[in-house]
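Per the UniProt record's numbering, residue 1 is the first one in the sequence shown, and the count goes up by one each step. Cβ coordinates follow ideal geometry from the N, Cα and C atoms, glycine included. Some notes on the structure that comes next.
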Amino acid sequence: MSAIDRFAIVQVSVIFHSINSVSVWLITVVAVVDAADD
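Now the structure itself:
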């Protein structure tokens with residue numbers, strides 16, 4: 001595997017992880033707001 005391929009895989013992993021963290025955070029916020037609404 002070349003260094004460029006490895007770098008690309010790391011970039012994709014970081015981006016994917018960031019998106020994943022944001023969606024988890026949004027789900028948490030929605031759940032808290034929904035619970036507070038009751």
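From residue i to residue j, what does the alpha carbon distance come to, in whole angstroms?
i: A31; j: V22; result: 14 Å
i: V33; j: V12; result: 32 Å
i: A36; j: N20; result: 24 Å
i: H17; j: A3; result: 21 Å
i: A8; j: L26; result: 27 Å
Residue ranges of each alpha helix (DSSP H) within the segment 3-38, 4 or longer: The DSSP assignment places 3-37 as complete runs of the alpha helix (DSSP H) inside the segment 3-38, in order along the chain (cut-off: 4 residues).
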